[in-house]
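What follows is a single structure, written as structure tokens, with notes after it.
Residue numbers (the working numbering), protein chains in the order written: chain A, 1433 to 1549; chain B, 126 to 238.
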């Protein structure tokens, strides 16, 4: 499809395990964002990729969190040694900047629901 | 530091009632403003956006929002809600033009028949 896709849709893991979440942005979108949404709370910015620039990692909550993006395509968010407080929905969004009609509008994926037992 | 606040966390209203959701931000520079909506079981999607020009912007499904720069506000309105407007609504602000966004905590709106 033409939208942002994320996998897996659900992930249940044990405390202390590492997890990897994947995001496929819309083709041609230069910007990619990761957010975390805890139950009953708003979206918490994690990290932002824009083209070939260095990513803005200012939202990553600890050094257990990291993300990579290959060029302007797939991104993976890795959480090492997961903790129960990492349980949340992790949302990915992409956007195409610089066009008249879609400047900076973010298109969201369905999210990955992570449960840490 | 920049911040975005939404005043209401939960709103319950009847069909045909008017809706207004508040959004305020703190930042002295240029902003781009957005409202996103998340219907039950669906992705977040854009409702409307403001970049420049007329401060009253119209979005999908009869929603509109007004940017009042002096009040640092971007309130969302709909004159007559429908049951299908039941959703969670998020205000988002892009501070400057770096592409980094901050979202409000969201407002859960429930419209009763």
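Here a beta-carbon is modelled for each residue, glycine too, at the ideal position from N, C-alpha and C.
Judged by their CB atoms, residue 1470 of chain A and residue 1520 of chain A are nearer to each other than the 9 Å cut-off.
Going by DSSP, residue 1511 of chain A is part of the beta strand (DSSP E) stretching over 1507 to 1511. DSSP places residue 1490 of chain A in the coil class of the three-state scheme, outside both helix and strand. Secondary structure within the region 130 to 161 of chain B: not one fully enclosed alpha helix (DSSP H) run of 4 or more consecutive residues is present.
Taking the CA atoms as reference points, residue 216 of chain B sits about 33 Å from residue 1513 of chain A. The beta carbon of residue 1446 of chain A sits closer than 6 Å to those of 1549, all from its chain and outside the five residues before and after it, given in chain order.
For residue 203 of chain B, the uninterrupted beta strand (DSSP E) run begins and ends at 198 to 203, by DSSP. In the same chain as residue 1443 of chain A, and ignoring 5 residues on each side of it, the C-beta atoms closer than 8 Å to its own belong to 1451, 1453, 1544, 1545, 1546 and 1547, in chain order. Between the alpha carbons of residue 174 of chain B and residue 1510 of chain A lies a distance of about 32 Å. By alpha-carbon distance to residue 131 of chain B, the top candidate from B:139, B:154, B:141 and B:161 is B:161. Here residue 164 of chain B is exposed: its Cβ has fewer than 16 other Cβ atoms, across all protein chains shown, within 10 Å.
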